[in-house]
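Below: one structure, written as C-alpha coordinates.
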Amino acid sequence: DTIPEDLSVGQAIWTPDGGIVFVGWKHEPYRLGLVYCPIRPSAVYLWDSKTSNIKQLSDENRASSSPNLSPDGSKLIYLDNQVGGPHRQCARLMMYDMKSGTNTVLVDVVKNPKADEFPGIYRQSLPQRCWAADGKRVVFNSVWRHQAGILVVDTETKNITPILCKSGGCLKITDIHQDRMLVVRSSINQQPYFSISQLPESGNESSAEFLPLDDPEPPLDISFKILKFQPTSRPHPTFGVNEYEAILAIPKDVEQKKWPLIVFPHGGPHAVHTTDFLLLPAVFMLSGFAMVYVNYRGSCGYGDDNIRSLPGRVGDQDVKDCQEVAESVIKLDQIDENKVAVFGGSHGGFLTAHLIGQYPGFYKAACCRNPATNIAVKIATTDIPDWCYVEAGFDFTYSSLPTGEKLTEMWKMSPMQYVDKVETPILIMLGLEDARVPPKQGEEYYKQLRARNKKARLIGYSDNSHPIQTVEASADSCINILDWFWQHLD
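Pasting the structure below:
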(Lines of atoms letter the chains of each structure in order from A and count residues from 1; the text may use other names and numbers.)
(Lines give C-alpha, C1' and ligand atoms only; values in the text may rest on other atoms or scores of the structure.)
Protein backbone atom coordinates (compact mmCIF):
# COMPACT_ATOMS: atom_id res chain seq x y z
CA ASP A 1 0.00 0.00 0.00
CA THR A 2 2.97 2.34 0.44
CA ILE A 3 4.23 2.03 -3.14
CA PRO A 4 3.32 5.15 -5.17
CA GLU A 5 0.65 4.49 -7.77
CA ASP A 6 2.76 5.92 -10.59
CA LEU A 7 5.43 3.21 -10.20
CA SER A 8 5.79 -0.25 -11.69
CA VAL A 9 8.21 -2.17 -9.49
CA GLY A 10 10.65 -5.04 -9.95
CA GLN A 11 14.23 -6.29 -9.40
CA ALA A 12 13.57 -6.65 -5.66
CA ILE A 13 16.27 -7.90 -3.26
CA TRP A 14 16.31 -8.40 0.52
CA THR A 15 18.47 -6.40 2.89
CA PRO A 16 20.04 -8.09 5.96
CA ASP A 17 17.51 -6.44 8.30
CA GLY A 18 14.47 -7.60 6.33
CA GLY A 19 14.01 -4.53 4.17
CA ILE A 20 13.53 -4.65 0.41
CA VAL A 21 15.51 -2.77 -2.21
CA PHE A 22 13.66 -2.49 -5.51
CA VAL A 23 13.45 -0.54 -8.75
CA GLY A 24 10.45 1.60 -9.59
CA TRP A 25 9.76 2.63 -13.19
CA LYS A 26 7.52 5.65 -13.67
CA HIS A 27 4.63 4.67 -15.93
CA GLU A 28 2.83 8.02 -16.03
CA PRO A 29 1.57 9.63 -18.18
CA TYR A 30 1.90 6.45 -20.29
CA ARG A 31 4.20 3.47 -20.70
CA LEU A 32 6.95 3.22 -23.29
CA GLY A 33 8.68 0.01 -24.35
CA LEU A 34 11.17 -1.17 -21.73
CA VAL A 35 13.00 -4.09 -23.37
CA TYR A 36 16.40 -2.89 -24.70
CA CYS A 37 15.62 0.56 -23.27
CA PRO A 38 17.43 1.17 -19.95
CA ILE A 39 16.80 4.92 -20.22
CA ARG A 40 13.23 5.02 -18.89
CA PRO A 41 12.63 7.18 -15.78
CA SER A 42 13.34 4.89 -12.84
CA ALA A 43 14.92 4.88 -9.41
CA VAL A 44 16.22 2.52 -6.75
CA TYR A 45 14.14 2.50 -3.55
CA LEU A 46 14.36 0.98 -0.07
CA TRP A 47 11.31 -0.26 1.80
CA ASP A 48 11.90 -0.26 5.56
CA SER A 49 10.30 -3.34 7.15
CA LYS A 50 10.02 -1.63 10.55
CA THR A 51 8.32 1.58 9.48
CA SER A 52 6.93 0.56 6.07
CA ASN A 53 8.40 3.79 4.73
CA ILE A 54 9.91 3.98 1.26
CA LYS A 55 13.07 5.96 0.59
CA GLN A 56 14.60 6.75 -2.78
CA LEU A 57 18.29 5.84 -2.80
CA SER A 58 19.32 6.83 -6.32
CA ASP A 59 19.53 10.35 -7.69
CA GLU A 60 16.51 12.24 -8.99
CA ASN A 61 15.62 12.35 -12.68
CA ARG A 62 17.79 9.40 -13.67
CA ALA A 63 17.27 5.92 -15.07
CA SER A 64 18.62 3.64 -12.35
CA SER A 65 18.27 -0.14 -12.17
CA SER A 66 19.85 -3.51 -11.34
CA PRO A 67 20.58 -2.99 -7.61
CA ASN A 68 22.95 -5.45 -5.94
CA LEU A 69 24.03 -5.58 -2.29
CA SER A 70 27.52 -6.47 -1.08
CA PRO A 71 27.75 -9.70 0.96
CA ASP A 72 27.77 -7.78 4.26
CA GLY A 73 24.91 -5.53 3.16
CA SER A 74 26.89 -2.32 3.63
CA LYS A 75 27.18 -1.30 -0.01
CA LEU A 76 24.60 -1.17 -2.77
CA ILE A 77 25.68 -0.90 -6.39
CA TYR A 78 23.45 -0.19 -9.36
CA LEU A 79 23.57 0.96 -12.98
CA ASP A 80 22.58 4.48 -13.90
CA ASN A 81 21.80 6.29 -17.15
CA GLN A 82 20.42 9.65 -18.12
CA VAL A 83 16.71 9.64 -18.89
CA GLY A 84 15.96 9.60 -22.59
CA GLY A 85 18.26 9.94 -25.55
CA PRO A 86 19.79 6.96 -27.36
CA HIS A 87 18.31 3.74 -26.00
CA ARG A 88 21.73 2.19 -25.45
CA GLN A 89 24.37 4.51 -24.07
CA CYS A 90 27.37 4.48 -21.78
CA ALA A 91 26.21 3.76 -18.21
CA ARG A 92 27.51 4.82 -14.82
CA LEU A 93 28.17 2.34 -12.03
CA MET A 94 26.95 3.84 -8.76
CA MET A 95 27.42 2.85 -5.13
CA TYR A 96 25.12 3.77 -2.25
CA ASP A 97 26.57 3.51 1.26
CA MET A 98 23.82 1.92 3.37
CA LYS A 99 25.26 3.40 6.58
CA SER A 100 26.06 6.98 5.58
CA GLY A 101 23.33 7.29 2.95
CA THR A 102 25.67 8.76 0.35
CA ASN A 103 25.90 8.03 -3.38
CA THR A 104 29.24 7.68 -5.15
CA VAL A 105 30.06 7.38 -8.83
CA LEU A 106 32.33 4.34 -9.14
CA VAL A 107 32.61 4.39 -12.93
CA ASP A 108 31.60 7.45 -14.90
CA VAL A 109 30.58 7.87 -18.52
CA VAL A 110 33.54 7.63 -20.90
CA LYS A 111 33.12 10.00 -23.81
CA ASN A 112 36.00 9.58 -26.25
CA PRO A 113 38.50 6.86 -25.29
CA LYS A 114 41.65 6.12 -27.23
CA ALA A 115 41.83 2.79 -29.03
CA ASP A 116 43.40 0.90 -26.12
CA GLU A 117 41.61 2.71 -23.29
CA PHE A 118 38.63 1.63 -21.20
CA PRO A 119 35.59 2.60 -23.33
CA GLY A 120 32.94 2.68 -20.57
CA ILE A 121 30.19 0.37 -19.33
CA TYR A 122 27.59 -0.96 -21.76
CA ARG A 123 25.23 -3.13 -19.74
CA GLN A 124 21.51 -3.26 -19.07
CA SER A 125 21.80 -5.34 -15.90
CA LEU A 126 24.26 -6.79 -13.41
CA PRO A 127 24.53 -10.52 -12.63
CA GLN A 128 22.57 -11.74 -9.61
CA ARG A 129 25.89 -12.67 -8.00
CA CYS A 130 28.67 -10.28 -8.95
CA TRP A 131 30.70 -9.65 -5.75
CA ALA A 132 34.17 -11.04 -5.12
CA ALA A 133 34.79 -12.78 -1.79
CA ASP A 134 36.62 -9.72 -0.43
CA GLY A 135 33.38 -7.72 -0.58
CA LYS A 136 35.25 -4.94 -2.36
CA ARG A 137 35.36 -5.94 -6.02
CA VAL A 138 32.47 -6.26 -8.45
CA VAL A 139 32.65 -8.54 -11.51
CA PHE A 140 30.34 -8.21 -14.52
CA ASN A 141 30.16 -8.25 -18.33
CA SER A 142 30.53 -5.39 -20.75
CA VAL A 143 31.75 -4.80 -24.29
CA TRP A 144 35.19 -3.43 -25.13
CA ARG A 145 34.99 -2.33 -28.74
CA HIS A 146 34.50 -5.58 -30.72
CA GLN A 147 34.96 -7.91 -27.74
CA ALA A 148 32.59 -8.98 -25.00
CA GLY A 149 34.64 -9.26 -21.84
CA ILE A 150 34.62 -9.09 -18.06
CA LEU A 151 35.21 -5.98 -15.96
CA VAL A 152 36.44 -6.01 -12.37
CA VAL A 153 35.74 -2.79 -10.46
CA ASP A 154 37.26 -2.12 -7.04
CA THR A 155 34.65 -0.21 -5.02
CA GLU A 156 37.32 1.26 -2.72
CA THR A 157 39.98 2.39 -5.22
CA LYS A 158 37.66 2.68 -8.26
CA ASN A 159 40.26 0.79 -10.30
CA ILE A 160 38.88 -0.92 -13.41
CA THR A 161 40.55 -4.09 -14.69
CA PRO A 162 39.43 -5.89 -17.86
CA ILE A 163 39.57 -9.64 -18.39
CA LEU A 164 39.57 -10.13 -22.15
CA CYS A 165 40.00 -13.24 -24.26
CA LYS A 166 43.61 -13.24 -25.47
CA SER A 167 42.68 -15.12 -28.64
CA GLY A 168 40.30 -12.35 -29.71
CA GLY A 169 37.07 -14.11 -28.77
CA CYS A 170 34.54 -13.29 -26.07
CA LEU A 171 34.11 -14.01 -22.36
CA LYS A 172 30.80 -13.77 -20.50
CA ILE A 173 30.58 -14.39 -16.77
CA THR A 174 27.39 -16.14 -15.67
CA ASP A 175 28.14 -16.52 -11.94
CA ILE A 176 30.80 -15.93 -9.29
CA HIS A 177 30.93 -17.53 -5.85
CA GLN A 178 33.86 -17.51 -3.43
CA ASP A 179 35.92 -16.06 -6.30
CA ARG A 180 35.20 -19.01 -8.58
CA MET A 181 33.91 -17.70 -11.87
CA LEU A 182 31.68 -19.61 -14.28
CA VAL A 183 32.34 -18.18 -17.72
CA VAL A 184 31.08 -18.83 -21.24
CA ARG A 185 33.79 -18.62 -23.90
CA SER A 186 33.18 -18.37 -27.63
CA SER A 187 34.31 -16.67 -30.81
CA ILE A 188 33.11 -16.32 -34.37
CA ASN A 189 34.62 -19.72 -35.17
CA GLN A 190 34.18 -21.37 -31.76
CA GLN A 191 30.86 -22.57 -30.37
CA PRO A 192 30.16 -21.52 -26.75
CA TYR A 193 31.44 -23.66 -23.89
CA PHE A 194 31.63 -23.30 -20.11
CA SER A 195 34.92 -22.66 -18.32
CA ILE A 196 35.79 -22.04 -14.69
CA SER A 197 38.39 -19.67 -13.33
CA GLN A 198 39.66 -18.48 -9.98
CA LEU A 199 39.54 -14.70 -9.71
CA PRO A 200 43.14 -13.54 -9.14
CA GLU A 201 44.04 -11.15 -6.35
CA SER A 202 43.35 -7.46 -6.72
CA GLY A 203 45.44 -5.85 -9.44
CA ASN A 204 46.17 -9.12 -11.25
CA GLU A 205 42.70 -9.96 -12.54
CA SER A 206 43.76 -9.76 -16.20
CA SER A 207 45.94 -12.84 -15.67
CA ALA A 208 42.92 -15.08 -15.01
CA GLU A 209 43.24 -18.55 -16.52
CA PHE A 210 40.25 -20.59 -17.71
CA LEU A 211 39.68 -24.34 -17.50
CA PRO A 212 37.01 -25.84 -19.80
CA LEU A 213 34.38 -27.90 -17.98
CA ASP A 214 33.95 -30.15 -21.02
CA ASP A 215 35.86 -30.71 -24.22
CA PRO A 216 34.96 -27.79 -26.50
CA GLU A 217 33.76 -28.47 -30.01
CA PRO A 218 36.59 -28.17 -32.56
CA PRO A 219 36.88 -24.66 -34.03
CA LEU A 220 35.06 -24.11 -37.30
CA ASP A 221 37.14 -23.64 -40.44
CA ILE A 222 36.66 -19.88 -40.37
CA SER A 223 39.24 -17.14 -39.87
CA PHE A 224 38.46 -13.60 -38.78
CA LYS A 225 40.22 -10.29 -38.36
CA ILE A 226 39.41 -6.74 -37.26
CA LEU A 227 39.29 -3.91 -39.80
CA LYS A 228 39.59 -0.30 -38.63
CA PHE A 229 38.23 2.75 -40.42
CA GLN A 230 38.96 6.46 -40.02
CA PRO A 231 36.29 8.47 -41.89
CA THR A 232 38.53 11.52 -42.27
CA SER A 233 36.55 12.82 -45.24
CA ARG A 234 33.28 12.53 -43.29
CA PRO A 235 33.92 13.97 -39.82
CA HIS A 236 31.07 14.66 -37.43
CA PRO A 237 30.48 18.42 -36.99
CA THR A 238 30.67 18.10 -33.19
CA PHE A 239 32.62 14.93 -32.42
CA GLY A 240 35.08 14.97 -35.31
CA VAL A 241 36.52 11.73 -36.69
CA ASN A 242 35.42 8.74 -34.62
CA GLU A 243 37.08 5.48 -35.58
CA TYR A 244 34.80 2.56 -36.31
CA GLU A 245 35.42 -1.12 -36.97
CA ALA A 246 34.28 -4.16 -38.88
CA ILE A 247 34.90 -7.87 -38.36
CA LEU A 248 35.77 -9.77 -41.52
CA ALA A 249 35.19 -13.53 -41.34
CA ILE A 250 36.18 -15.85 -44.19
CA PRO A 251 35.87 -19.63 -44.51
CA LYS A 252 39.13 -21.57 -44.71
CA ASP A 253 39.07 -23.34 -48.05
CA VAL A 254 42.19 -23.04 -50.15
CA GLU A 255 40.36 -24.36 -53.21
CA GLN A 256 37.90 -21.47 -53.18
CA LYS A 257 39.58 -18.52 -54.87
CA LYS A 258 36.95 -15.86 -54.26
CA TRP A 259 34.06 -15.85 -51.78
CA PRO A 260 30.66 -14.20 -52.16
CA LEU A 261 30.25 -11.58 -49.42
CA ILE A 262 27.42 -10.81 -46.99
CA VAL A 263 27.53 -7.31 -45.47
CA PHE A 264 25.99 -7.53 -41.98
CA PRO A 265 25.16 -4.29 -40.10
CA HIS A 266 23.75 -4.72 -36.59
CA GLY A 267 20.45 -3.38 -35.28
CA GLY A 268 19.77 -0.84 -32.57
CA PRO A 269 21.28 1.32 -33.94
CA HIS A 270 23.17 1.54 -30.65
CA ALA A 271 24.14 -2.11 -30.37
CA VAL A 272 27.41 -3.77 -31.40
CA HIS A 273 28.79 -6.78 -33.20
CA THR A 274 31.33 -8.65 -31.11
CA THR A 275 33.50 -11.64 -31.93
CA ASP A 276 30.96 -13.82 -30.12
CA PHE A 277 29.55 -16.92 -31.80
CA LEU A 278 26.30 -16.40 -33.71
CA LEU A 279 24.58 -19.41 -35.22
CA LEU A 280 23.06 -17.83 -38.32
CA PRO A 281 26.28 -16.20 -39.59
CA ALA A 282 28.15 -19.43 -38.84
CA VAL A 283 25.69 -21.33 -41.04
CA PHE A 284 26.11 -18.74 -43.79
CA MET A 285 29.90 -19.06 -43.70
CA LEU A 286 29.86 -22.85 -43.61
CA SER A 287 27.57 -22.63 -46.65
CA GLY A 288 30.19 -20.74 -48.63
CA PHE A 289 29.91 -17.04 -47.79
CA ALA A 290 32.37 -14.56 -46.34
CA MET A 291 30.84 -12.06 -43.90
CA VAL A 292 31.72 -8.60 -42.73
CA TYR A 293 30.08 -7.47 -39.47
CA VAL A 294 29.87 -3.66 -39.47
CA ASN A 295 30.17 -1.60 -36.28
CA TYR A 296 29.30 1.75 -37.83
CA ARG A 297 29.61 4.95 -35.82
CA GLY A 298 26.85 4.91 -33.21
CA SER A 299 27.76 1.44 -31.96
CA CYS A 300 28.24 0.59 -28.28
CA GLY A 301 31.69 -0.09 -26.89
CA TYR A 302 33.54 2.82 -28.45
CA GLY A 303 32.72 5.66 -26.06
CA ASP A 304 29.61 7.76 -25.51
CA ASP A 305 30.57 10.38 -28.12
CA ASN A 306 30.57 7.65 -30.75
CA ILE A 307 27.01 6.70 -29.80
CA ARG A 308 25.80 10.29 -29.81
CA SER A 309 27.34 11.00 -33.20
CA LEU A 310 24.50 9.14 -34.95
CA PRO A 311 21.16 10.68 -33.84
CA GLY A 312 20.07 13.16 -36.47
CA ARG A 313 22.24 11.42 -39.07
CA VAL A 314 20.61 8.00 -39.46
CA GLY A 315 20.17 7.00 -43.07
CA ASP A 316 23.32 8.91 -43.95
CA GLN A 317 26.31 8.50 -41.62
CA ASP A 318 25.56 4.86 -40.79
CA VAL A 319 24.78 4.02 -44.41
CA LYS A 320 28.01 5.56 -45.68
CA ASP A 321 30.01 3.79 -42.97
CA CYS A 322 28.57 0.45 -44.10
CA GLN A 323 29.22 1.20 -47.76
CA GLU A 324 32.80 2.26 -47.02
CA VAL A 325 33.36 -1.10 -45.37
CA ALA A 326 31.79 -2.99 -48.27
CA GLU A 327 33.80 -1.14 -50.91
CA SER A 328 37.00 -1.70 -48.95
CA VAL A 329 36.43 -5.42 -48.44
CA ILE A 330 35.58 -6.24 -52.08
CA LYS A 331 39.07 -5.07 -53.05
CA LEU A 332 40.56 -8.05 -51.21
CA ASP A 333 41.73 -10.99 -53.29
CA GLN A 334 39.52 -13.45 -51.38
CA ILE A 335 36.25 -11.63 -52.16
CA ASP A 336 34.17 -11.79 -55.34
CA GLU A 337 33.22 -8.18 -55.98
CA ASN A 338 30.37 -9.26 -58.25
CA LYS A 339 28.65 -11.34 -55.58
CA VAL A 340 27.82 -9.02 -52.68
CA ALA A 341 24.70 -9.40 -50.54
CA VAL A 342 23.46 -7.46 -47.51
CA PHE A 343 21.55 -8.76 -44.49
CA GLY A 344 20.28 -7.14 -41.30
CA GLY A 345 17.45 -6.95 -38.79
CA SER A 346 15.64 -4.01 -37.18
CA HIS A 347 17.98 -1.04 -37.71
CA GLY A 348 20.15 -3.46 -39.66
CA GLY A 349 17.09 -3.97 -41.87
CA PHE A 350 16.69 -0.19 -42.09
CA LEU A 351 20.30 -0.04 -43.31
CA THR A 352 19.79 -2.95 -45.71
CA ALA A 353 16.91 -1.09 -47.38
CA HIS A 354 18.96 2.12 -47.45
CA LEU A 355 22.00 0.44 -48.98
CA ILE A 356 20.11 -1.17 -51.86
CA GLY A 357 18.28 2.11 -52.48
CA GLN A 358 21.25 4.46 -52.26
CA TYR A 359 23.67 2.16 -54.10
CA PRO A 360 21.53 0.51 -56.78
CA GLY A 361 23.18 -2.45 -58.46
CA PHE A 362 26.02 -2.80 -55.95
CA TYR A 363 24.26 -5.50 -53.96
CA LYS A 364 23.02 -8.50 -55.92
CA ALA A 365 20.77 -9.85 -53.14
CA ALA A 366 19.34 -8.58 -49.86
CA CYS A 367 17.42 -9.81 -46.85
CA CYS A 368 16.00 -7.76 -44.00
CA ARG A 369 14.13 -8.85 -40.89
CA ASN A 370 11.63 -6.53 -39.19
CA PRO A 371 13.03 -3.47 -40.96
CA ALA A 372 12.16 0.11 -40.08
CA THR A 373 11.34 1.58 -43.49
CA ASN A 374 9.40 4.78 -42.78
CA ILE A 375 10.17 6.58 -39.51
CA ALA A 376 7.42 9.13 -40.12
CA VAL A 377 4.79 6.36 -40.07
CA LYS A 378 6.44 4.20 -37.44
CA ILE A 379 6.11 6.96 -34.84
CA ALA A 380 2.36 6.34 -34.43
CA THR A 381 2.49 2.55 -34.21
CA THR A 382 5.62 1.53 -32.30
CA ASP A 383 5.99 1.04 -28.54
CA ILE A 384 9.06 3.32 -28.67
CA PRO A 385 7.96 6.55 -30.42
CA ASP A 386 10.81 8.33 -28.63
CA TRP A 387 13.22 6.34 -30.84
CA CYS A 388 11.78 8.08 -33.90
CA TYR A 389 12.32 11.54 -32.43
CA VAL A 390 15.78 10.89 -30.99
CA GLU A 391 17.28 9.14 -34.02
CA ALA A 392 15.85 11.84 -36.29
CA GLY A 393 17.67 14.43 -34.15
CA PHE A 394 14.78 15.80 -32.09
CA ASP A 395 14.14 15.97 -28.36
CA PHE A 396 11.32 13.84 -27.02
CA THR A 397 8.85 14.50 -24.22
CA TYR A 398 5.68 12.61 -23.43
CA SER A 399 3.69 15.48 -24.93
CA SER A 400 5.71 15.64 -28.17
CA LEU A 401 3.65 15.97 -31.34
CA PRO A 402 4.97 15.06 -34.79
CA THR A 403 4.77 18.38 -36.63
CA GLY A 404 4.94 18.59 -40.40
CA GLU A 405 8.54 19.74 -40.17
CA LYS A 406 9.55 16.79 -38.00
CA LEU A 407 7.69 14.27 -40.13
CA THR A 408 9.42 15.64 -43.21
CA GLU A 409 12.83 15.16 -41.61
CA MET A 410 11.91 11.63 -40.53
CA TRP A 411 10.86 10.84 -44.09
CA LYS A 412 14.15 12.19 -45.44
CA MET A 413 16.00 9.73 -43.19
CA SER A 414 13.87 6.73 -44.19
CA PRO A 415 14.76 4.13 -46.84
CA MET A 416 11.24 4.22 -48.29
CA GLN A 417 12.18 7.40 -50.19
CA TYR A 418 14.62 5.38 -52.33
CA VAL A 419 12.15 2.68 -53.35
CA ASP A 420 12.17 3.80 -57.00
CA LYS A 421 15.93 3.26 -57.24
CA VAL A 422 16.02 -0.29 -55.86
CA GLU A 423 17.38 -2.90 -58.27
CA THR A 424 18.34 -5.60 -55.76
CA PRO A 425 16.04 -8.60 -55.18
CA ILE A 426 15.07 -8.46 -51.50
CA LEU A 427 13.61 -10.98 -49.06
CA ILE A 428 11.63 -9.37 -46.22
CA MET A 429 10.95 -11.37 -43.04
CA LEU A 430 8.54 -10.19 -40.35
CA GLY A 431 7.66 -11.25 -36.83
CA LEU A 432 3.90 -10.75 -36.92
CA GLU A 433 3.68 -9.97 -33.18
CA ASP A 434 6.35 -7.27 -33.31
CA ALA A 435 5.41 -4.15 -31.32
CA ARG A 436 8.85 -2.57 -31.69
CA VAL A 437 8.98 -2.33 -35.49
CA PRO A 438 5.39 -3.17 -36.47
CA PRO A 439 4.97 -5.53 -39.45
CA LYS A 440 3.26 -2.78 -41.46
CA GLN A 441 6.71 -1.21 -41.92
CA GLY A 442 7.95 -4.19 -43.91
CA GLU A 443 4.59 -4.88 -45.54
CA GLU A 444 4.31 -1.37 -46.97
CA TYR A 445 7.88 -1.49 -48.25
CA TYR A 446 7.10 -4.80 -49.96
CA LYS A 447 3.93 -3.39 -51.55
CA GLN A 448 5.75 -0.35 -52.90
CA LEU A 449 8.47 -2.54 -54.39
CA ARG A 450 5.97 -4.89 -56.03
CA ALA A 451 3.98 -1.94 -57.38
CA ARG A 452 7.15 -0.94 -59.23
CA ASN A 453 7.78 -4.46 -60.54
CA LYS A 454 10.77 -4.92 -58.23
CA LYS A 455 11.71 -8.44 -57.20
CA ALA A 456 10.69 -8.95 -53.57
CA ARG A 457 9.38 -11.73 -51.37
CA LEU A 458 7.59 -11.37 -48.02
CA ILE A 459 7.50 -14.03 -45.28
CA GLY A 460 5.61 -13.54 -42.00
CA TYR A 461 6.14 -15.59 -38.85
CA SER A 462 3.27 -15.86 -36.38
CA ASP A 463 4.13 -16.19 -32.68
CA ASN A 464 7.36 -14.24 -33.29
CA SER A 465 7.94 -10.65 -32.27
CA HIS A 466 10.97 -8.41 -32.79
CA PRO A 467 13.47 -11.26 -32.58
CA ILE A 468 12.49 -14.01 -35.00
CA GLN A 469 13.71 -16.78 -32.76
CA THR A 470 11.33 -19.69 -32.29
CA VAL A 471 12.93 -22.95 -33.38
CA GLU A 472 10.63 -23.35 -36.37
CA ALA A 473 11.02 -19.74 -37.52
CA SER A 474 14.79 -19.74 -37.02
CA ALA A 475 15.21 -22.86 -39.15
CA ASP A 476 12.79 -21.72 -41.83
CA SER A 477 14.31 -18.24 -42.10
CA CYS A 478 17.84 -19.63 -42.34
CA ILE A 479 16.95 -21.94 -45.23
CA ASN A 480 15.00 -19.24 -47.05
CA ILE A 481 17.80 -16.68 -46.73
CA LEU A 482 20.39 -19.10 -48.07
CA ASP A 483 18.09 -20.09 -50.93
CA TRP A 484 17.44 -16.43 -51.78
CA PHE A 485 21.13 -15.55 -51.79
CA TRP A 486 22.11 -18.60 -53.85
CA GLN A 487 19.39 -17.81 -56.40
CA HIS A 488 20.48 -14.24 -56.95
CA LEU A 489 24.24 -14.46 -56.55
CA ASP A 490 24.74 -17.28 -59.06
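Going by this note's numbering, the residue at position 292 of the sequence shown is 292; the numbering climbs one at a time, nothing skipped.
Even glycine gets a Cβ: it sits at the ideal position worked out from N, Cα and C.
Residue state for Arg180 is assigned as strand, using DSSP reduced to three classes. Put simply, the segment 311-328 touches the segment 347-354. At least three CB pairs are less than 8 Å apart. Residues Tyr389 of the same chain have their beta carbon placed closer than 7 Å to that of Ser400, with the five preceding and five following residues left out of the count. Nearest Cα to Leu449 within the set Met95, Trp14, Gln417 and Ser462: Gln417.
DSSP places Ile262 inside the beta strand (DSSP E), whose first and last residues are Trp259 to Pro265. Taking the Cβ atoms as the reference, Ser42 lies roughly 6 Å from Ser65, within the contact range of under 8 Å. Taking the Cβ atoms as the reference, Asn480 lies roughly 7 Å from Leu427, within the contact range of under 8 Å. Between the alpha carbons of Trp484 and Gly349 lies a gap of roughly 16 Å. Uninterrupted beta strand (DSSP E) stretches at least 3 residues long and entirely within the segment 343-395 occur at 365-369, given in chain order. In the DSSP annotation of this structure, the continuous segment of the beta strand (DSSP E) that includes Ile222 starts and ends at Ile222 to Phe229.
Every beta strand (DSSP E) of 3 residues or more that sits fully in the segment 149-218 is shown, in chain order, as 160-163, 170-177, 180-187 and 190-198. Secondary structure at Asn141: strand, using DSSP grouped into helix, strand and coil. Counting along the chain, Val471 sits inside the alpha helix (DSSP H) bounded by residues Val471 to Leu489. Comparing alpha-carbon positions, the option among Asp463, Ile375, Lys172 and Leu432 lying closest to Met410 turns out to be Ile375. For His270, the closest alpha carbon among the candidates Ser414, Pro438, Gly298 and Glu245 is that of Gly298. Rounded to the nearest whole angstrom, the CA to CA distance from Lys99 to Asp72 is 12 Å. DSSP places Leu286 within a helical segment (H, G or I) once states are collapsed to three. The Cβ atoms of Gln441 and Lys378 lie closer than 7 Å to each other. In this structure, the beta-carbon distance from Gly149 to Leu171 falls below 7 Å. In the DSSP secondary-structure assignment, His236 is bridged to Gly240. If you draw a straight line from the Cα of Phe394 to the Cα of Phe284, it comes to about 38 Å. Ranked by Cα distance from Asp154, the first of Thr238, Ser187 and Thr104 is Thr104. In this structure, Ser287 lies near Leu482, with their beta-carbon atoms less than 7 Å apart.
In the DSSP assignment, no residue is bridged to Thr424. Separation of Lys257 and Leu220 (C-alpha to C-alpha, rounded to the nearest whole angstrom) is 19 Å.
Nearest C-alpha to Pro402 among Gln56, Pro385, Leu34 and Asp336: Pro385. Beta-carbon to beta-carbon, Pro251 and Ile222 are separated by about 6 Å, close enough to satisfy the 8 Å threshold. Just measuring C-alpha positions, the residue of Ile459, Ser465, Gly361 and Ser414 sitting nearest Lys421 is Gly361. With respect to the 7 Å criterion, Trp47 and Gly19 are classified as neighbours on the basis of their beta carbons. Counting only the Cα atoms, Ile163 lies some 18 Å from Gln178. For Gly10, DSSP records a beta bridge to Val23. Residues of the same chain with a CB within less than 7 Å of the CB of Gln11, apart from the 5 flanking positions on each side, are Phe22, Val23, Ser65, Ser66 and Pro67 in chain order. In the DSSP assignment, the residues bridged to Lys75 are Asp97. In this structure, the beta-carbon distance from Val437 to Ser346 falls below 7 Å. Within the segment 267-321, complete alpha helix (DSSP H) segments of at least 4 residues are found at 279-286 and 304-308, given in chain order.
Of all alpha-carbon atoms in Pro281, Ile77 and Gln317, the one lying nearest the alpha-carbon of Gln190 is that of Pro281.
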